[in-house]
Amino acid sequence: MDTHRAFEYSLVLKNIGKVESIGTWNNNLIASLANGSLIQYQIERISENFEFQAKEIRNIPKFTKKGITQMSIIKPKSILIALFDSTVQLFNLKSMKPLDILCSKKALLFSFNQKKSLCIGLKTKLLIFKWGNNTFENTINITIPTIPKTLDWFKSTKICIGFKKEYILLNLKDNSMDQLFALTKNINPISTKISDEEILLGKEKICYFKNPNGKASRNYGINWSDSPQNIYYFQPYLLGIFSNGIRVRTLNTKKLVQNIEIPVARSFCIGEKNNVNFAYTFNKEGIWRLNEIPLLVQVDMLCYEHNYEEALQLCQLVDTLDEINKKAKFKTIKIDYAFYLFTQRKFGQAMEFFREVDCDPRIALSLFPSLVPPEVYKGLTTPIVENKELNENEQQDAILSLIDYLLQTRNSREIKKKKNSLEILKVIDTVLVKSYMQTNVSYVAPFLRIPNWCDLEECEKIFTERELETELIELYKTNGKHEKALILVEKKSKKTGDITIFVEYLCSLGRDHLELIFEYSKKLNQIDPNQCLKVFTYETNDEEELMDNQIPSRDLPRFLVKNFLQESLPNLIIPYLEYVIFQKNDSTPDFHNDLLLFYYGQTKSIQDLLKNSLSDEEKKNKLQVSKQKYIEKIKNFTKSSKYYLPQKMLDRFPEDDFYEERAIFFSRVGKHEMALNIYVNKLNNLEKAEKYCIEQYRKDGKTQDIFLILIKKILNSHPNKNKNKNQAIINSVIKIINKHFTKINPLKVIQILPKDLNLSEILVYLKLIIQNNTEIKRRLTITKNLQKSAHLNLRAKITKKSKKCICIDQNVLCQVCGKRIGDSIIGLFPNGVYTHMSCIQNKHICPKTNENFSIYSENFY
1 MDTHRAFEYS LVLKNIGKVE SIGTWNNNLI ASLANGSLIQ YQIERISENF EFQAKEIRNI
61 PKFTKKGITQ MSIIKPKSIL IALFDSTVQL FNLKSMKPLD ILCSKKALLF SFNQKKSLCI
121 GLKTKLLIFK WGNNTFENTI NITIPTIPKT LDWFKSTKIC IGFKKEYILL NLKDNSMDQL
181 FALTKNINPI STKISDEEIL LGKEKICYFK NPNGKASRNY GINWSDSPQN IYYFQPYLLG
241 IFSNGIRVRT LNTKKLVQNI EIPVARSFCI GEKNNVNFAY TFNKEGIWRL NEIPLLVQVD
301 MLCYEHNYEE ALQLCQLVDT LDEINKKAKF KTIKIDYAFY LFTQRKFGQA MEFFREVDCD
361 PRIALSLFPS LVPPEVYKGL TTPIVENKEL NENEQQDAIL SLIDYLLQTR NSREIKKKKN
421 SLEILKVIDT VLVKSYMQTN VSYVAPFLRI PNWCDLEECE KIFTERELET ELIELYKTNG
481 KHEKALILVE KKSKKTGDIT IFVEYLCSLG RDHLELIFEY SKKLNQIDPN QCLKVFTYET
541 NDEEELMDNQ IPSRDLPRFL VKNFLQESLP NLIIPYLEYV IFQKNDSTPD FHNDLLLFYY
601 GQTKSIQDLL KNSLSDEEKK NKLQVSKQKY IEKIKNFTKS SKYYLPQKML DRFPEDDFYE
661 ERAIFFSRVG KHEMALNIYV NKLNNLEKAE KYCIEQYRKD GKTQDIFLIL IKKILNSHPN
721 KNKNKNQAII NSVIKIINKH FTKINPLKVI QILPKDLNLS EILVYLKLII QNNTEIKRRL
781 TITKNLQKSA HLNLRAKITK KSKKCICIDQ NVLCQVCGKR IGDSIIGLFP NGVYTHMSCI
841 QNKHICPKTN ENFSIYSENF Y
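Note that full-length UniProt numbering numbers the sequence shown so that position 797 is 797, with each residue one more than the last.
Structure below.
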């Protein structure tokens, strides 16, 4: 059954005698008759019904001895190659005069290619010719095993030969022959050339594609219902010649396109006029003309018959359209095909075509009137199809296919390039929500959590009618309607008794919504202060989470949060500042100052409570534990933090309490004497005072005399008439000076020691000083002698170098400028480089190697 009409055909000449061969030249038909006559006709179309009139314009009786059995025309040269009576001869078509005889006997057939190569087949020989000097020149003769039946060129180096029993591929470079495949008995070989790279060979009912290497060029063949008598290629169709007519097939789809009722057709010749391809063939009735119907018309015919696959294949071959219009045609066909597939209930394939052509998604949505109102796709061109109403199962399948299509479309780069991309995305996402509502409601909330362009009012109405709180919250959230969402969240938390969603929602809000965070955190704090703190400390730092949600790291402005908590939620201020300082490593002095003062404030508050809890021992014990906890925090923080302002702390902390902390504050502001005064006189802890001096001592710094300050503080502390106590103080001082004698100036310490101190009491100290000084002197003497020895060695090397000499004659060249030195003054460097004195810029630096010899410059001469 014909899929469509590829050709129109009619009988243009009859009753002209027995035709042996035909050809076309200058849009005219040339026919050779059995009696040797050659007739040229002008063929003109005379009606729209494919009727033609043949006008004889030249008739040459006895043009050849016998009829021409095979002819080929070299159109650019107006030369006819004719085979008649076993002879191959050239003729000038303009004058019809005979030219060179290429083969005078035994010629059976020939093959000419557009590379100007000619092959003539004899019984056991091939004659190869090349065009040159306005004729064909015989270049090579090749012996073949038997009579050739077909000849076809591959470019100009290979020939496919069909014999009675096999096909052979002949390589003209080395005259090698390779068998392609064998033939069965009583079947003549048939072949047709597709291109320089491809040929089609017949074997019984199948035709095979071969390339110049003898391999299959396609993974399929052309199957016929019976064996064709011959085959011809008329792009893009293959014509099979049978006894009852001509069968037309396409090469790509292999489908039978048309049956042409011209029985036992022979010898096709092809021409072109006004962009219309045509062909002539003949049989007993006469000569027939076949006109190819324009490919675009064929494409439209195939589309009308819903043969879209064939239409797409054929559209690729249309050469009358520019690239833009060709793409537009492809797009139109695929959209029509998609609509047709949808009516055939092939929803997935239909959506795949919509996606492939990247059409406006609203065209595809026009197939779903229950999901999309008509005004959405108003003004868009959509195919008119008869689409019967879908049953429930079909509706589900169609919507599922639509969901896949819309998800791929919304995520494609192409959709974002369209001018009205936001409008289209709004339609897509709203339809997706409606589709999920009909197929799987559980997908709605996850979809709304990602950035989307849903129509707020339309979706709000749907969710409200269905009482879908979770979906409504996500809708408000992604559309920035956080206050509406929080009202629902608070209501849902109270209803379920679970505040997780409340906390998570507040945690999802960033610095742009501080007012909402502050307002609703007050409500959350009344329920669970610990969870409320999470709202201010939660940060989205996970890279994958940031990428998925496409939001910046959540870092609320800390000063604003601190001020809010201090004023409205004071129970959270200390844990918040601890989070900022200890977890986020914030070095802002104000935060460190505030935390320390809040610790101190807590101790005062607890102390006030203790005064009112004298009778309640249990409560009193708990308060004592709590107070001690904050005292420990103050102690640890004053030591560990480097960012609080110590002078500010001295002003705020009481003078009669927190002595050790005040000592650290004094240390931070460089008032070491005040710090030591606290350790010695307030804490009475000489061990901590000594440790403090060890930590602060710097040999060449401002604290080099810090041990002297300590000794003074000890000697001036607790003046007492009690000799035993005074002696204890003296013993402490002597212990310190003995232990740290290297860090104390002996002259200064002796001056501050008591006048009545016995020399024997500091004898150990004096011995240590003397021993230390002696050791220092010994080390210095050794160092001095080593340096002296090194100096003497260097002088010896210099002396040795200075004795080096060089002989300069008239042929010696300067190693810098390359000119003769002659009688000029020269300079000689320790590395052996000699040069004109004028070539030296610095007498200590060699101008050739840039070495510096300033340490022994006196040897330069």
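Heads up, the beta-carbon is just placed ideally off N, CA and C, and yes, glycines get one too.
Between the options, which lies nearest to residue i when the distance is taken from Cα to Cα?
i      : options                        : result
LEU102 : SER95, LYS671, ALA82, GLU851   : ALA82
LYS75  : ASN35, GLY67, ASN28            : ASN28
ARG289 : GLU310, ALA265, HIS4, GLU309   : ALA265
LEU763 : THR799, ALA790, ILE734         : ILE734
LYS477 : SER493, THR496, PRO451         : PRO451
ASP226 : LEU200, GLU423, ILE187         : ILE187
LEU169 : GLU285, ASN726, ILE199         : ILE199
CYS359 : THR382, ARG345, PHE342         : THR382
GLY17  : SER37, PHE242, LYS185          : SER37
THR500 : LEU475, ILE527, GLY510, ARG511 : ILE527
ASN677 : LYS713, ARG662, CYS693, CYS315 : LYS713
Quick one: grab the DSSP three-state call for residue i.
i      : result
ASP594 : helix
CYS119 : strand
MET177 : strand
GLU515 : helix
GLY17  : coil
ASP226 : coil
ASP404 : helix
PHE559 : helix
ILE709 : helix
ILE57  : strand
MET71  : strand
ALA728 : helix
THR143 : strand
ASP152 : strand
TYR304 : helix
If you draw a straight line from the alpha carbon of residue i to that of residue j, how long is it in whole angstroms?
i      : j      : result
VAL489 : ILE634 : 40 angstroms
SER587 : LEU596 : 14 angstroms
LYS461 : VAL257 : 55 angstroms
GLY670 : ASN636 : 20 angstroms
ALA398 : VAL372 : 14 angstroms
ARG149 : ASP300 : Looking at the sequence shown, residue 149 is not Arg but Lys. One C-alpha to the other measures close to 41 angstroms.
ILE845 : HIS836 : 14 angstroms
ASN440 : SER217 : 50 angstroms
GLY601 : VAL625 : 16 angstroms
TYR538 : GLU394 : 48 angstroms
ASP429 : THR409 : 11 angstroms
Would you decide whether residue i is buried or exposed? Buried here means 16 or more other CB atoms lie within 10 Å of its CB.
i           : result
HIS4        : buried
PRO529      : exposed
THR64       : buried
ALA485      : buried
CYS805      : exposed
ASP336      : buried
ALA54       : buried
PRO552      : Residue confidence is low: PRO552 scores 43 on pLDDT, short of 50, so the model does not pin down where it sits. No coordinate-derived value is stated.
ASN525      : buried
HIS672      : buried
GLN349      : exposed
residue 866 : Any property of residue 866 remains undetermined from this structure, which presents the chain solely from 1 to 861.
GLU543      : Residue placement at GLU543 cannot be trusted, given a pLDDT of 45 that sits under 50; what the coordinates show is reported in the next sentence. GLU543 should be labelled exposed.
GLU690      : buried
Is residue i near residue j, with beta carbons less than 8 angstroms apart?
i      : j      : result
PHE154 : PRO212 : yes
PHE136 : LEU118 : yes
LEU514 : LEU556 : yes
LEU402 : PHE368 : yes
LEU33  : VAL19  : yes
LYS166 : LEU183 : Looking at the sequence provided, one finds Glu at residue 166 rather than Lys. Against a cut-off of 8 angstroms, the Cβ pair of LEU183 and GLU166 comes out as a contact.
CYS507 : LYS481 : no
GLU56  : ILE39  : yes
LYS378 : GLU356 : no
VAL816 : LYS848 : yes
PHE665 : MET649 : yes
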